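Per my numbering: the sequence shown = residues -2 to 242.
Just so you know, even glycine gets a beta-carbon here, dropped at the ideal spot from N, CA and C.
Computed from a predicted structure; not experimentally measured.
Down below is the structure, laid out as structure tokens.
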Amino acid sequence: MYKLIIASIILFCFRVHAVSEQNVVRIATHVEPPYIELVDGEYVGMHVNIINLLIKSLNKKIVFIACPFARCILLLQEGKADMIIGIKKTKAREQYLAYLPLPYDTQSFPLHFYLRQDSRTRISKYADLSKLNIGTIRGASYFDPFDNDSKLTKTAVNNYSQLIKMLLKGRIDTFLEREESVLPWVSKNIYENHIKLAKYQYDKSVESYIAISRKSPLFFEWSDISAMQNKLKKSGEIDKLLLAK
């Protein structure tokens, strides 16, 4: 009788734990101000507001998993994270990510190539990149010709702070990113007096998505989550958060 009671308690605890786990969404979180940043131990920013709105509308709870971008991608591939926000859609990523159908936003700011202020290097066209050492964020996708160009010399790092330091120390010739993502990582003095923008830039808009790991239990709720995002988009609630950025 005693063993039966113990077994019943263990089974009950397991079921409670399973239900609890199903109610939690693990968000792979790459810090990228102004979209996501950590302030006083709490994640804030436009992407945080959007993901909170979506997940709470589904009556679920959120756990943010901090990770460099490449690590975030690996966690999603392995099913150790359930979801990510602010990701570009690519064919390669669709192998392990199920994108919600609607992009929640479109990034219209151009991708700039950054140079040291005292650099004699000129980047006036794409071909000028061929002899340069170009800094990138590990695991990031920029634009197809660049991403697929195996002849270019690329040095991948984990974050923007590293890219800026390497550029200023002359360890890379240039790096590329949208200005709004670079500005939070550098002081006004350094940005204005030690860094300059190359003439060449990539200015096509890129759609931003929310995606679910295909190895996550959340993948089986893709239809419901997609429907909720569509509802929030049509109601204007997501757009309100975008306007507040």
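Residue i versus residue j: straight-line alpha-carbon distance, rounded
i	j	result
Ala119	Leu164	The question names Ala, but residue 119 in the sequence shown is Arg. Arg119 and Leu164: Cα-Cα distance of roughly 15 Å.
Ala208	Pro98	9 Å
Tyr264	Glu75	No answer is possible for residue 264: it lies beyond the span of the chain, which begins at -2 and ends at 242.
Asn156	Pro65	7 Å
Glu189	Asp125	24 Å
Phe11	Val21	With a pLDDT of 36 at Phe11, under the threshold of 50, the modelled position of that residue is not reliable, and the figure given next carries that caveat. Approximately 15 Å, taken between the alpha carbons.
Gly167	Leu180	20 Å
Lys231	Tyr96	18 Å
Lys201	Tyr123	14 Å
Ser184	Ser220	44 Å
Ala137	Asn56	31 Å
Tyr111	His44	25 Å
Phe217	Leu239	28 Å
Lys243	Leu160	Residue 243 lies beyond the range of the chain shown here (-2 to 242); nothing can be said about it.
Leu229	Asn46	13 Å
Ser213	Gln19	10 Å
Ala241	Gly42	10 Å
Ser127	Ser121	12 Å
Val60	Leu72	14 Å
Ile48	Arg117	44 Å
Tyr(-1)	Asp102	Confidence is the limiting factor: at Tyr(-1) the pLDDT is only 47, short of 50, which leaves the residue's position unreliable and the question unanswerable from this model.
Tyr93	Asp115	43 Å
Ser158	Trp182	6 Å
Lys85	Asn186	32 Å
Asn145	Tyr40	33 Å
Rounded Cβ spacing between residue i and residue j (contact assumed at less than 8 Å)
i	j	result
Ile24	Ala78	7 Å
Tyr199	Pro107	6 Å
Thr171	Ala153	Between Ala153 and Thr171 the Cβ distance is about 14 Å, and since that is not below 8 Å, they are no contact.
Ile169	Ile131	7 Å
Ser205	Gly38	Rounded, the Cβ-Cβ distance is 26 Å, inconsistent with contact.
Thr26	Ala67	13 Å between Cβ atoms; not a contact.
Among the options, nearest to residue i - alpha-carbon criterion
i	options	result
Ile235	Lys58, Ile52, Ile62	Ile52
Lys88	Thr150, Ala153, Leu238, Phe140	Phe140
Lys58	Leu215, Ile192, Val203	Leu215
Glu174	Lys128, Val203, Lys212	Val203
Lys148	Glu176, Gln159, Leu129	Leu129
Cys69	Lys162, Thr103, Ser121, Glu29	Glu29
Arg211	Lys86, Glu91, Lys162	Glu91
Phe162	Asp144, Arg113, Ser54	The amino acid occupying residue 162 in the given sequence is Lys; Phe does not appear at that position. Ranking Asp144, Arg113, Ser54 by Cα distance to Lys162 puts Arg113 first.
Ser178	Lys237, Ser105, Pro142, Phe143	Ser105
Phe176	Leu50, Ile81, His109, Met80	The question names Phe, yet the displayed sequence has Glu at residue 176. Measuring from the Cα of Glu176, the nearest candidate turns out to be His109.
task = Please confirm if the stretch 30 to 46 is in contact with the stretch 220 to 231, defined as three or more CB-CB distances below 8 Å between the two stretches.
result = no
message = Which runs of the alpha helix (DSSP H) at least 4 residues long sit entirely within the stretch 49 to 123? Give them in chain order.
response = 66 to 75
Runs of alpha helix (DSSP H) lying entirely within the stretch 163 to 225, each at least 4 residues, in chain order = 176 to 179, 185 to 191
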